[in-house]
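Heads up, the thing below is written out as structure tokens.
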Amino acid sequence: AQGEAALWRLYDAIRAETLLLRGAESDLLSHDTAQAMTTRGPRARLVEFPGVGHAPTLVASDQIDCVAVFLLGASQAEGG
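Residue numbers for the sequence shown follow the working numbering, beginning at 270 and rising by one.
This is the structure in structure tokens:
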């Protein structure tokens with residue numbers, strides 16, 4: 270419990286725009302925890318990929334597009 274509380278404190282301190290990619294079949298990051306990450310700290314944008322385990326490999330076009338849109342949107346918001 271203390272370790273989890275420490276991790277949440279660190280997460281809550283993040284101020285950068287955050288994209289959270291989660292494989293819907295992950296046994297390491299629960300759906301509930303991922304949802305909580307969208308409501309606190311940097312309020313991450315959550316994208317879940319069906320049929321994928323813990324870490325999406327980012328080789329499928331839908332996964333690549335998701336990251337590209339996020340990064341390009343952040344760049345444009347900064348005036349880049």
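We put the beta carbon where it would ideally sit given N, CA and C, even for glycine.
Helix or strand or just coil, what does DSSP make of residue i?
i	result
R284	coil
V316	strand
R278	helix
L327	coil
Taking Cβ to Cβ, would you say residue i is nearer than 7 Å to residue j?
i	j	result
L289	M306	yes
L315	A303	yes
V310	D334	Note that residue 310 is Gly in the sequence shown, not Val. No, the pair does not count as a contact, with Cβ atoms beyond the cut-off.
H323	L297	yes
Here's the rule: buried if 16 or more other CB atoms are within 10 angstroms of the residue's CB, otherwise exposed. What is residue i?
i	result
P319	exposed
G272	exposed
R291	buried
A270	exposed
Which two residues bound the contiguous alpha helix (DSSP H) that contains residue i?
i	result
H300	H300 to M306
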